[in-house]
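Visitor:
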Amino acid sequence: MPKKAVIALLAVVAAGCSGGGPDDEQVKQALYDHYATAQGGAELRKALDQGVGVSDCQKAGEQYRCLVENKALGSAIPMFFAYDPAQEKWTFVRQDRN
Numbered sequence: 011m012p013k014k015a016v017i018a019l020l021a022v023v024a025a026g027c028s029g030g031g032p033d034d035e036q037v038k039q040a041l042y043d044h045y046a047t048a049q050g051g052a053e054l055r056k057a058l059d060q061g062v063g064v065s066d067c068q069k070a071g072e073q074y075r076c077l078v079e080n081k082a083l084g085s086a087i088p089m090f091f092a093y094d095p096a097q098e099k100w101t102f103v104r105q106d107r108n
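Right, here's the structure in full:
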């Protein structure tokens with residue numbers, strides 16, 4: 011890979027990772043992208059905007075582990091997210107159900 015291409019790729023990754031892990035909106039967008047359907051997209055967007063909180067994103071290998079809180083239930087589930095440089099956005103990987 012040419013040196014300029016490597017530098018450009020690193021710049022894209024760095025831009026997506028600014029401040030470390032994903033922020034609140036990036037986590038919500040990743041969850042929306044993973045779970046939305048054509049019929050339920052609007053309802054899911056509203057639920058994510060109003061009923062979901064994101065905190066404590068910590069690096070876990072190549073991914074970030076964030077606590078995603080369901081405000082209505084008062085519970086939080088650890089979920090993992092990874093930055094996809096091809097799409098230039100954070101993506102949902104899995105949830106941790108320990």
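Counted the way my numbering counts, the sequence shown spans residues 11 to 108.
By construction, the Cβ of each residue, glycine as well, lies at the ideal position given by its N, Cα and C atoms.
Who does arginine 75 pair with in a DSSP beta bridge?
Guide: Looking at the DSSP assignment, arginine 75 forms a beta bridge with Gln68 and Phe90.
Visitor: Give the DSSP-derived three-state secondary structure of lysine 81 in the structure shown.
Guide: In the structure shown, lysine 81 sits in coil (DSSP, three-state: anything other than H, G, I, E or B).
Visitor: Determine whether the beta carbon atoms of glutamate 79 and serine 65 lie at a separation below 8 angstroms.
Guide: Yes.
Visitor: To the nearest angstrom, how far is the alpha carbon of aspartate 34 from that of glycine 51?
Guide: Rounded to the nearest angstrom, the two C-alpha atoms are 19 angstroms apart.
Visitor: So is valine 37 in contact with chain C if we call contact Cβ pairs under 8 angstroms?
Guide: Among the chains in the structure shown there is no chain C, since it carries only a single protein chain.
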